[in-house]
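Participant: Residue numbers (this note's numbering): 74 to 252.
Heads up, the beta-carbon is just placed ideally off N, CA and C, and yes, glycines get one too.
This is the structure I have questions about; it appears just below.
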């Protein structure tokens with residue numbers, strides 16, 4: 074994992090001239106990061122048989138040493154390179170996709186986080202509370218988080234800590250007020 078590549082991909086995502094290009098560049102970055110993790114394989118742009126649901130990334134996690142050993146063996150990733158925080162509707166839709174596939178974890182890579190306040194548990198953050206009893210967790214990673222990744226261990230620790238937060242609190246594993 075090369076910090077220059079991360080920076081270059083982040084710049085490409087920020088400078089793309091239209092929303093489709095921004096989204097594709099963001100997916101390129103996230104794919105690069107996950108494919109750098111030992112034991113992770115990535116499949117991109119998957120649409121269900123009815124053509125009604127599209128997933129940005131599906132990640133297979135084989136739990137190799139030095140990899141994402143705390144995370145489940147399969148999880149889905151949605152990339153939202155939006156200028157604003159992701160709203161409750163988009164977060165809820167992603168939770169429904171996870172539930173329909175009986176998956177334990179979803180990762181929302183949201184450039185500017187999600188709406189609401191984690192400490193108050195409102196707006197998009199409230200949805201994590203409803204999904205926890207169903208065994209579904211979601212972690213939120215922002216552009217600010219990704220810009221701090223300089224080596225593979227930073228990326229792995231970020232994911233492990235956010236997943237741990239989601240498990241321990243029953244809320245979204247999102248950046249806290251001190252992050």
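Three-state secondary structure (DSSP) at residue 156?
Facilitator: Coil.
Participant: Give the DSSP bridge partners of residue 133, in chain order.
Facilitator: 114 and 147, per the DSSP bridge assignment.
Participant: Where does residue 120 fall in DSSP's three states?
Facilitator: Of the three classes helix, strand and coil, the one that applies to residue 120 here is strand, per DSSP.
Participant: Output the distance between the C-alpha atoms of residue 131 and residue 167, rounded to the nearest integer angstrom.
Facilitator: Cα to Cα, the separation comes out at about 13 Å.
Participant: Helix, strand or coil: how does DSSP classify residue 246 here?
Facilitator: Reduced to three states, the DSSP call for residue 246 is strand.
Participant: Among residues of its own chain, excluding the 5 on either side of residue 120, which ones have a beta-carbon nearer than 6 Å to its beta-carbon?
Facilitator: Within the same chain, residue 120 has close Cβ partners 127.
Participant: Suppose you measure from the CA of residue 155 to the CA of residue 185; what does that come to, to the nearest Å?
Facilitator: Cα to Cα, the separation comes out at about 7 Å.
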